[in-house]
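Quick note, in this note's numbering, the sequence shown goes up one by one and the last residue is 128.
From the three backbone atoms N, C-alpha and C, an ideal C-beta is built for every residue, glycine too.
Structure first, then comments.
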Amino acid sequence: MGYHIGQLVEGVITGIQPYGAFLQLDAHTQGLVHISECRSAYIKSVDEELAVGDVVKVVVLNIDKYSNKISLSRRETLLDEIKLPIVVEKYPKKGKIHYWTNQYTEYGFKTIAESHSQMLQEALERLR
Numbered sequence: 001m002g003y004h005i006g007q008l009v010e011g012v013i014t015g016i017q018p019y020g021a022f023l024q025l026d027a028h029t030q031g032l033v034h035i036s037e038c039r040s041a042y043i044k045s046v047d048e049e050l051a052v053g054d055v056v057k058v059v060v061l062n063i064d065k066y067s068n069k070i071s072l073s074r075r076e077t078l079l080d081e082i083k084l085p086i087v088v089e090k091y092p093k094k095g096k097i098h099y100w101t102n103q104y105t106e107y108g109f110k111t112i113a114e115s116h117s118q119m120l121q122e123a124l125e126r127l128r
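And the structure:
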């Protein structure tokens, strides 16, 4: 067993269960891709995403030394394929940052007794 956590490996899907898919990594080693690690989005069943015989790239998440079980993640390999949009700043950055505050507003802690009438008024407005 020459695998380590974080290693990128390739395997063939040998079986599908409601809770995940089993991968054959080499002649003597199998691992499990849990349903939550198949894709970053929700899937109802593993059959939607994977099929027996598919060759997939996965990342080793965990290796149990006592039972020799290997937990795998396909989701980690798919994150690299997601192309995030490039955000272009509309306005150039200036040297100073302006925070929109009002110097005349009083800030600070008020007790519940002091702010009770205001809280009641706001709650009644939300109910309307």
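Beta-carbon contacts of residue i that lie in its chain and below 6 Å, excluding the five residues immediately before and after
i     : result
ILE5  : VAL60
HIS34 : GLY20
TYR3  : VAL60
LEU50 : ILE13, ALA21
Limits of the alpha helix (DSSP H) - the one that residue i falls within
i      : result
ALA50  : Just to set this straight, residue 50 is Leu in the shown sequence, not Ala. No alpha helix (DSSP H) holds LEU50; DSSP gives it neither H nor E.
SER117 : 112 to 127
Unbroken beta strand (DSSP E) run spanning residue i, endpoints
i     : result
LEU32 : 30 to 34
GLN24 : 20 to 24
GLU76 : First-last for GLU76: 75 to 78, but that is the alpha helix (DSSP H), not the beta strand (DSSP E).
GLN17 : 8 to 17
Cβ-Cβ distance between residue i and residue j below 7 Å
i      : j     : result
ILE16  : VAL46 : yes
GLU122 : LYS57 : no
heavy atom of the ligand MG below 6 Å from residue i C-beta
i      : result
THR111 : Summarising the ligand content, the structure contains no ligands, and the ligand MG is consequently not present.
Residue of the options minimising C-alpha distance to residue i
i     : options                       : result
HIS28 : LEU120, GLU49, LEU127, ASN68  : ASN68
ASN62 : SER73, GLY53, VAL52           : SER73
ILE70 : VAL12, PHE22, MET119          : PHE22
VAL52 : LYS110, PRO18, ILE13          : ILE13
LEU8  : ARG126, GLU114, ARG128, LEU78 : LEU78
Proximal residues to residue i (C-beta, below 7 Å), its chain only, five neighbours per side dropped
i     : result
ARG75 : GLU37, CYS38, ARG39, SER40
Chain D contact for residue i (CB, 7 Å cutoff)
i     : result
GLU76 : The chain labelled as chain D is not found in the depicted structure, where only one protein chain is given.
Own chain, CB closer than 8 Å to residue i, minus 5 neighbours either side, in chain order
i      : result
LEU120 : none
LEU32  : GLY20, ALA21, PHE22, LEU23, LYS69, ILE70, SER71, LEU72
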